[in-house]
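Visitor: Everything in the sequence shown is counted per the working numbering, starting at 40 for the first residue and increasing by one. Heads up, the beta-carbon is just placed ideally off N, CA and C, and yes, glycines get one too. Before I ask anything, here is the structure I am working with.
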Amino acid sequence: MHLEIITPEKNIYKGEVSLINLPGSDGSFGILTNHAPIISTLKQGTIKIVESNNSEKTFEVKGGVIEMNNNKIIVLAE
Numbered sequence: 040m041h042l043e044i045i046t047p048e049k050n051i052y053k054g055e056v057s058l059i060n061l062p063g064s065d066g067s068f069g070i071l072t073n074h075a076p077i078i079s080t081l082k083q084g085t086i087k088i089v090e091s092n093n094s095e096k097t098f099e100v101k102g103g104v105i106e107m108n109n110n111k112i113i114v115l116a117e
């Protein structure tokens with residue numbers, strides 16, 4: 040899956056991932072390849088990603104919105 044994490048100031052991540060865990064407004068959730076299309080709001084918390092090479096990264100966010108469609112994920116984060 041292709042992931043982009045964008046803040047008002049800059050793009051903070053762009054790359055291929057196999058898993059992403061997000062702090063959804065109604066609870067944390069994960070997205071894997073071929074997930075159904077989704078749009079959700081995010082609350083303050085940690086985004087955890089597992090890259091295609093199995094390395095893990097985390098990003099702290101204050102909130103935002105995520106859209107997943109056709110294995111492309113865009114996170115607009117605060």
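#1: Looking at the structure shown, is K120 part of a helix, part of a strand, or coil, going by DSSP?
#2: Since L58 contacts I86 with CB under 8 Å, what's their CB separation in whole angstroms?
#3: Can the beta-carbon of V119 be found less than 8 Å from the beta-carbon of I88?
#4: Taking the straight line between their C-alpha atoms, what separation do you get for I45 and N93?
#5: Can the beta-carbon of T72 be found closer than 8 Å to that of N108?
#6: Closest to M40 by CA distance: which of V104, G102, E99 and K53 is it?
Guide: A quick look at the data gives this:
#1: Residue 120 falls outside the range modelled here, since the chain spans only 40 to 117, and no answer is possible.
#2: So it is not a contact: roughly 11 Å between Cβ atoms.
#3: It is not possible to answer for residue 119, since the shown part of the chain is limited to 40 through 117.
#4: 22 Å
#5: no
#6: K53
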